[in-house]
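Notes to accompany the following structure.
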Amino acid sequence: MGSQRSLLKSLTAGVAGKKHYCKGNKRHVLLKGDRILVIKIERDSFHYCLDCGLKFIATARKDLAALETDLQATP
Ligand SMILES: [Zn+2]
């Protein structure tokens, strides 16, 4: 439907299925049942803890705002 693409298709909220570690920091433990941010890149998927995930979102929000401003600027 339509030609608009989602920039964020590769990012989803998930739930940890087992105990493992955050891709952003090995000291961040993801326990079974924890909310996690899942980033899919081609066939790989990377799991981040809630803290790292929220930081990514905050950074992405700033980057998107900056991009929007750049795009609208008169050349
Ligand atoms: Zn983390």
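Under the numbering used here, residues 151 to 225 are what the sequence shown spells out, in order.
Even glycine gets a Cβ: it sits at the ideal position worked out from N, Cα and C.
Compare the Cα-Cα distances from residue i to each of the options and report the closest residue.
i	options	result
K159	R177, S195 and Y171	S195
K190	Q222, L157, L161 and A223	L161
S156	L214, P225, T209 and L221	L214
Consult DSSP for residue i and reduce its assignment to one of helix, strand or coil.
i	result
D194	strand
R185	strand
L180	strand
I162	Rather than Ile, the amino acid found at residue 162 in this sequence is Thr. It is a strand residue.
Measure the Cβ-Cβ separation of residue i and residue j and say whether it is below 8 Å.
i	j	result
V237	G164	Outside the modelled stretch of the chain, which goes from 151 to 225, sits residue 237, for which no answer is possible.
G174	Y198	yes
L200	R211	no
May I have all residues whose beta carbon comes closer than 5 Å to any heavy atom of ligand 1, sorted in chain order?
C172, G174, N175, H178, C199 and C202
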